[in-house]
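According to this note's numbering, the sequence shown holds residues 83 to 297 in order. Every residue, glycine too, gets a C-beta built ideally from N, C-alpha and C. Keep in mind that this is a model prediction, so the values were computed, not measured. This report concerns only the one structure given below.
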Amino acid sequence: MSACQPSGFVSDALLHSLSRFCCTVSEASSLPRYAKIDPKDIPPPTPVALPHSQPQLQSPPSPPASSAQPLVHLIQTVYRPGQVAPSIFEALGVHVIPDTAVADLLPDPAYVPDFATWDALSADEARQRNDETKRPLNTGVQSPGCQTYQDRKRELSISNQDAYRVVRRLPPLKGQQQARLGNAYEFYRCLEAFTTFWDDTSKPTSSRSRRCYCC
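What follows is the structure, given as C-alpha cells:
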C-alpha cells in the first residue's frame with residue numbers, strides 16, 4: 083500500500099521530465115530559421131540528365147523453345163520498377179520510335195479528330211454534337227467526343243497558381259472564384275509536389291520564388 087506524498091514533494095521522475103523539456107526548448111530556440119538570401123548569390127540551376135530508354139527490337143535468331151521462358155512467368159518475376167529489364171521489353175516486343183507523327187500512330191485520317199473545328203464550337207454546340215463526334219475503338223467502347231475534349235482542355239488551361247490553391251485547400255484570391263479542376267485534380271496534385279524541388283516554369287524567371295533552407 084503506497085503512502086500519499088506530502089505537498090511540495092517532487093519525484094525524481096518529474097524532475098527528469100522537466101529537465102528534458104527545458105533542454106528541448108533550449109535546442110529548439112537555437113535551430114536555424116529561414117534565411118533571406120540575395121538572388122544574386124543563388125547559383126544557376128544544376129543541369130539534370132534524366133534516364134533515357136529507347137527499346138529497339140533486334141532481329142537475332144529465335145532461341146530454342148526449350149530455353150525460352152514463358153512470358154507470364156517472366157512478368158511475374160517483376161516486383162519493383164527497378165527489376166524491369168530490357169529482356170522484359172524484348173519479350174513483349176516493345177519497339178520505340180521517337181518523335182512519331184500523329185499520322186503514323188493513326189494511319190486512317192478519319193480517326194484523327196478535327197481539333198480546329200472542335201475549338202470553334204461553343205459549349206452548347208459541343209454538348210449537342212458530342213455523340214456524333216465519337217468513334218468506335220477496338221476495345222468495344224467509343225472514343226471521347228468534342229465536349230469531353232473541351233472539358234479536359236479547359237481544366238488543363240487553369241493557371242498553376244490557381245490550381246495549387248485548390249490542391250492546398252486555400253481560399254481563392256480576392257475577387258476570383260475557386261478553380262474547378264475536375265478530372266485534372268490528380269495531375270495538378272502531382273505537379274504541385276514538384277514545386278518543392280523545381281521552379282514553376284509557367285511564371286516569368288524574374289518572379290519565380292526562391293527559397294533557401296539552412297541546415
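Which residues bound the alpha helix (DSSP H) around residue i?
| i | result |
| --- | --- |
| threonine 230 | 228–238 |
| tyrosine 246 | 242–249 |
| leucine 214 | Checking the sequence shown, residue 214 turns out to be glutamate, not leucine. First-last for glutamate 214: undefined, no H or E at that position. |
| phenylalanine 171 | 168–174 |
| leucine 273 | 267–276 |
| phenylalanine 197 | 197–202 |
| aspartate 186 | 184–187 |
Go ahead and pull the three-state DSSP assignment for residue i.
| i | result |
| --- | --- |
| proline 163 | helix |
| glutamine 140 | coil |
| glutamine 158 | helix |
Using CA coordinates, which residue listed in the options is at the minimum distance from residue i?
| i | options | result |
| --- | --- | --- |
| aspartate 201 | Pro218, Ala185 and Gln229 | Gln229 |
| valine 194 | Val160, Tyr231 and Asp281 | Tyr231 |
| proline 133 | Asp123, Thr159, Gly164 and Pro126 | Gly164 |
| leucine 273 | Gln243, His155, Ser204 and Leu174 | Gln243 |
| glycine 175 | Thr215, Gln138, Ala275 and Leu238 | Gln138 |
| phenylalanine 197 | Thr215, Pro180, Ala275 and Asp190 | Thr215 |
| phenylalanine 171 | Leu187, Leu153, Asp181 and Arg162 | Leu153 |
| glutamine 140 | Arg234, Ala173 and Pro129 | Ala173 |
Whole angstroms are fine: how far does the CA of residue j sit from the CA of residue i?
| i | j | result |
| --- | --- | --- |
| arginine 211 | glutamine 136 | 40 Å |
| phenylalanine 279 | leucine 263 | 23 Å |
| alanine 266 | aspartate 213 | 22 Å |
| proline 218 | alanine 183 | 22 Å |
| glutamate 237 | isoleucine 119 | 36 Å |
| leucine 156 | histidine 177 | 18 Å |
| alanine 185 | proline 254 | 42 Å |
| cysteine 296 | proline 126 | Low per-residue confidence applies at cysteine 296: pLDDT is 34, beneath 50, and the placement is therefore not dependable, though the value from the model is reported in the following sentence. Spanning the two alpha carbons is a distance of roughly 18 Å. |
| valine 166 | threonine 159 | 9 Å |
Counting only C-beta atoms, is residue i closer than 8 Å to chain C at any point?
| i | result |
| --- | --- |
| aspartate 213 | Going by chain labels, chain C is absent from the structure shown, which holds only one protein chain. |
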